[in-house]
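Enquirer: Sequence positions in the sequence shown follow numbering that gives the first Met the number 0 and run 0 to 189. For every residue, glycine included, the Cβ atom is placed at its ideal position computed from N, Cα and C. This is the structure I have questions about; it appears just below.
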Amino acid sequence: MVALRIGVLALQGAFREHRRSLSRLGAESVEVRKAGELEGLDGLIIPGGESTTMGKLMNAGALWEPVARLVAEGKRVWGTCAGAIVLAAEIEGSDQPRLGVMDITVARNASGRQVDSFEAPVPVAVLGEPPFPAVFIRAPYITRVGTGVTVLAEWNAHAVLARQGRVLVTSFHPELTDDLRLHRYFLDLD
Ligand code: GLN
Numbered sequence: 000m001v002a003l004r005i006g007v008l009a010l011q012g013a014f015r016e017h018r019r020s021l022s023r024l025g026a027e028s029v030e031v032r033k034a035g036e037l038e039g040l041d042g043l044i045i046p047g048g049e050s051t052t053m054g055k056l057m058n059a060g061a062l063w064e065p066v067a068r069l070v071a072e073g074k075r076v077w078g079t080c081a082g083a084i085v086l087a088a089e090i091e092g093s094d095q096p097r098l099g100v101m102d103i104t105v106a107r108n109a110s111g112r113q114v115d116s117f118e119a120p121v122p123v124a125v126l127g128e129p130p131f132p133a134v135f136i137r138a139p140y141i142t143r144v145g146t147g148v149t150v151l152a153e154w155n156a157h158a159v160l161a162r163q164g165r166v167l168v169t170s171f172h173p174e175l176t177d178d179l180r181l182h183r184y185f186l187d188l189d
């Protein structure tokens, strides 16, 4: 198998933690801050952080169009938490910029405030047992999914892990745990 080269958008947020998870799986990763750094990549992770701040930094770096192109080319792209918001088609009550490549509606901060951050054992059928230790930090819930979207996990009666083609979103933060199964799943997306 040819080794994948995965970019991690490194404008702000938990990008180092994603790189650590990828490296523990033996995957090569690079930090992406400029459009040119997307060239030759097999995929991209958009980390958690603050989606409005990330949007401003993406504006400044003229990164929207090249990231959208990566999705259009069928490359794997994964948004975690704020990254999921950046990928969504609709954001409840907000006109902040977004890529709109995933046909979902998200409600920001739906899991509660920062002080209400929690870890929950979320059952994920595609990963098997045990449930995934999902860390929620001011997480978005997915409140609507389009017909092309497959929900892979729910928590608190809302979708928190979903896939549309090779685009994956999680409301929670797999990179903050030692469980590498979702990073493995992302690398193995067909
Ligand atoms: N609440 C943040 C936002 O709306 C996301 C939080 C996170 O990524 N942990 O962008």
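1. Please indicate yes or no: does the CB of G92 lie closer than 8 Å to some heavy atom of ligand 1?
2. Would I90 and V66 be called neighbours here (beta carbons separated by less than 9 Å)?
3. What number of angstroms, rounded off, separates the C-alpha of T149 from the C-alpha of R75?
4. Using 10 angstroms around the beta-carbon of Q163, count the other beta-carbons present and answer buried if the total reaches 16, otherwise exposed.
5. Less than 9 Å separating the beta-carbons of E191 and A2?
6. Between L167, A61, R19 and T142, which has its C-alpha nearest I45's C-alpha?
7. How do the stretch 84-99 and the stretch 117-125 stand: do at least 3 beta-carbon pairs fall below 8 Å, yes or no?
8. Answer yes or no: the CB of A88 versus the heavy atoms of ligand 1, is any distance below 8 Å?
9. Which whole-angstrom value is the C-beta distance of I5 and L40, which I expect to be below 8 Å?
10. Can you have a look at G125 and say buried or exposed, based on whether 16 or more other CB atoms are within 10 angstroms of its CB?
Expert: Once the coordinates are examined:
1. no
2. no
3. 15 Å
4. buried
5. Only positions 0 to 189 of the chain appear in this structure, which leaves residue 191 out of reach.
6. L167
7. no
8. no
9. 7 Å
10. Per the sequence shown, the amino acid found at residue 125 is Val instead of Gly. V125 is exposed by the Cβ-count criterion.
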